[in-house]
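To keep things clear, I will list the structure first and then write my remarks on it.
Protein chains in written order, with the numbering used here: chain A, 810 to 1126; chain B, -18 to 255.
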C-alpha cells in the first residue's frame, strides 16, 4: 500500500512550490499563518506545549522557590534562605543517603548493562528470523505494572518467600536466610531485573548498526573472535552502552517503590526520604530541597560521565 | 559471503545464555498467578493445592471494584488526550520548519528519564499552592505528563515514515488541509494511533508514583494494591488481582507493540528499496 502510493506520486507531474498552492483567501491572519511555517508549527504544537508547561515548567519553578522557604509550624516561612541547603550539606544523614542512592543505582546500572549486553548481542548477530518477535518478548515484561514486578520479587525473596521456603522444603537450610529481603542486594537485583528492557533496546540498536564488513575485515586481518570483539564490536557499540547507562541510572536514583518494598532500613534511598518529607514529617520545603539536590547530582554525574566517555573516545579515535 | 557465515556461526553458549535470560525475565511475573491459585494464605512452597477462592473473595470486594473503575476512567481519558496531543505534536515536528525542534523533542521526552517522584512532588506543590483539591483529575494531569513522551515516541516514526508528497498530491487534487489530514495522513498513521492509545492506557493503568502523590480520596488500582500490601492476610487476593491485571495487560501491550512496529519496519523497508 505505501509503495503503491509512493509510485503514484512519483509519476504525477511536479508539484508547484508551496507558495503557489491553491488557497482560499480569508483575511490577514490566515495569510500570515499560511506564509509563516514556524508560526503554524508552534500553533499546532501549542496544546501539547501548554500541558507540558503546566505539568513540568511551572511545578519546577515552584519547587525551586519552595526549596528556599522553611517550615513554620503548619505554614511556610516565605523568606528566602539557604537553611535547607545548609542542613543537607552539614547533617551527615543526607550525604549518606544520597551517596547510598547513587551507589545502589550505579551498581544496578552496571549489573543491568553487563547482563543485557550478551542478550542484545545475541539478538543483533545470531537471530536471523523473527528478530522483532525476540525484541517484543524481551521488552514485554517492562510494560507490565512496575509495582507488581517489584511485588513479585518480594514474594520471591521474602522471609517465608519462594526461595527460602523452597530451600527449607528441600532440606538444604534449616532457618530462612534473612539477608535476602530488606537489603541493598535485594534492591539491586530487583532494579536490574525491572530495568532490563531499557538497557536491551539501545544496546541492540547500536550493535545492529555496526557494519558487518568491518568484522569481516578484522577477521581477514587476523583477529580472533575475542580480539575482534574487544577491538571492533565493543568500541563501535559504545554509544549504545552509554545511552543504556543513562536510561537506567537517572530514573533509578529516585526510585521509590523498590527500596520501600525490599530495601528495609538499610536499603532506603533518597526517594523514600523525599516522600517522608512530603508525608509523615510534613516538611515540604525540605522535600523540595532534597529533590533539587538530587536533580543537581544527577546532572553533575551525567556531565562528568559524558565528558569522560567523550575524552576516551577521542583517544581511541 | 563465506566470511559472513563464519561470523554468524551459531554460538552454543550464547544460545543457552539467551534462554536462561528469558526464563529469569519471566519467572517472577509467572509466580504471581501460580500462588494466586494456591490453597494457602501463605505465599510459600510447597504448594497446597488448587483453589479459586481468592478470586471469589476478590470479586465480592467493593473497594477493589471502585479502584478498578477509577483506573479505567483515568486510563481512557489519558489515552485519548495524550494520543491527540501526540498526533498534533508529531505533525508539527515533522511537517513544519520549526527552529528549536531538537530542544522541543528533548523537552517532551524529559519525563522518560527524570525520576517520577520529582514530577510527582513538583505537581503536588503546584496544585496545593493553587488550592486545587487532589482528585482523579489531578491524577489524570500527572499521568498525561508521564504518557505524552510515549505517545510522541510512538507516533513520530509514523509521521517521519511516509512521503510528504502524498499530502501535497492531495492538496493538488483540491482537498483542503482538514480533509487531507483525515483522508491521507490519518489512515497512514493509524497503526501508530492504535499503538499509542493502547500503550498510554496501559501505562496510566499501571502507574504508581504520580498517583501516589496526586490521589485524593478515590484510589486508582495500583494505589489500592499498595494500601493492601501492609496486611499479610490480604496477600492471596492481591495476588489474584495482580494476575488478572497481568493477564489483561500483557495481550494489550503485545498488540500495541506489534501494531506499532509492524508498519514502521515496513515503511522503512519501503524507503530503503526506493
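Using N, Cα and C, we set each Cβ at its ideal position, and we do this for glycine too. All values reported here derive from a predicted model rather than from experimental measurement.
| Asked | Found |
| --- | --- |
| Neighbour flag for residue 900 of chain A against chain B, beta carbons, 8 Å | no |
| 6 Å CB neighbourhood of residue 1046 of chain A in its chain, flanking five on each side removed | 1015 and 1016 |
| Short CB-CB distance (under 8 Å) between residue -8 of chain B and chain A | yes |
| Contained beta strand (DSSP E) runs [length at least 3] in the region 1020 to 1069 of chain A, N- to C-terminal order | none |
| Burial state of residue 159 of chain B (16 or more Cβ within 10 Å) | exposed |
| Alpha helix (DSSP H) segment containing residue 64 of chain B, residue limits | 43 to 76 |
| Per-residue burial, residue 20 of chain B [other beta carbons within 10 Å of its own, 16 or more giving buried] | exposed |
| Short-range partners of chain B found in the region 1088 to 1106 of chain A, where Cβ spacing is below 8 Å | 1093, 1096, 1097, 1100, 1103 and 1104 |
| Cβ-based contacts, 9 Å cut-off: residues of the region 184 to 199 of chain B near chain A | 184, 186, 187, 188, 189, 190, 193 and 194 |
| Supposed close pair residue 1066 of chain A, residue 991 of chain A - CB separation, criterion 8 Å | Their Cβ separation, rounded to whole angstroms, is 14 Å, which puts residue 1066 of chain A and residue 991 of chain A out of contact at 8 Å. |
| Test item: CB-CB of residue 1062 of chain A and residue 1107 of chain A under 8 Å | yes |
| CB of residue 69 of chain B within 8 Å of CB of residue 125 of chain B, strictly | no |
| Residue 186 of chain B, buried or exposed, once every other Cβ within 10 Å from all chains shown has been counted against 16 | buried |
| CB contact flag (residue 123 of chain B, residue 93 of chain B, <8 Å) | no |
| Selected residue, minimal CA-CA separation from residue 1008 of chain A, among A:848, A:852 and A:925 | A:925 |
| CB of residue 107 of chain B within 8 Å of CB of residue 179 of chain B, strictly | no |
| Validate contact between the region 5 to 14 of chain B and the region 960 to 972 of chain A using beta carbons, cut 8 Å, 3 pairs | yes |
| Proximal residues of chain B, C-beta to C-beta of residue 1011 of chain A below 8 Å | What residue 1011 of chain A touches in chain B: nothing, since even the nearest Cβ is about 12 Å away. |
| 4 or more residues per run - each alpha helix (DSSP H) lying fully within the region 166 to 195 of chain B | 167 to 187 and 190 to 195 |
| Residue-chain proximity (residue 90 of chain B, chain A), Cβ-Cβ < 8 Å | no |
| Segment contact, 8 Å Cβ cut-off, at least three pairs: the region 126 to 145 of chain B with the region 196 to 209 of chain B | no |
| Secondary structure, alpha helix (DSSP H): runs of 4+ residues fully inside the region 107 to 153 of chain B | 117 to 142 and 146 to 153 |
| With 16 other Cβ atoms within 10 Å as the buried cut-off, status of residue 229 of chain B | exposed |
| Cα-Cα separation between residue 895 of chain A and residue 1095 of chain A, rounded to whole angstroms | 11 Å |
| Beta-bridge pairing of residue 884 of chain A - partner residues as DSSP gives them | A:881 |
| Contact residues within the region 910 to 936 of chain A, judged by C-beta distance below 9 Å to chain B | 924, 925, 927, 928, 930, 931, 932, 934, 935 and 936 |
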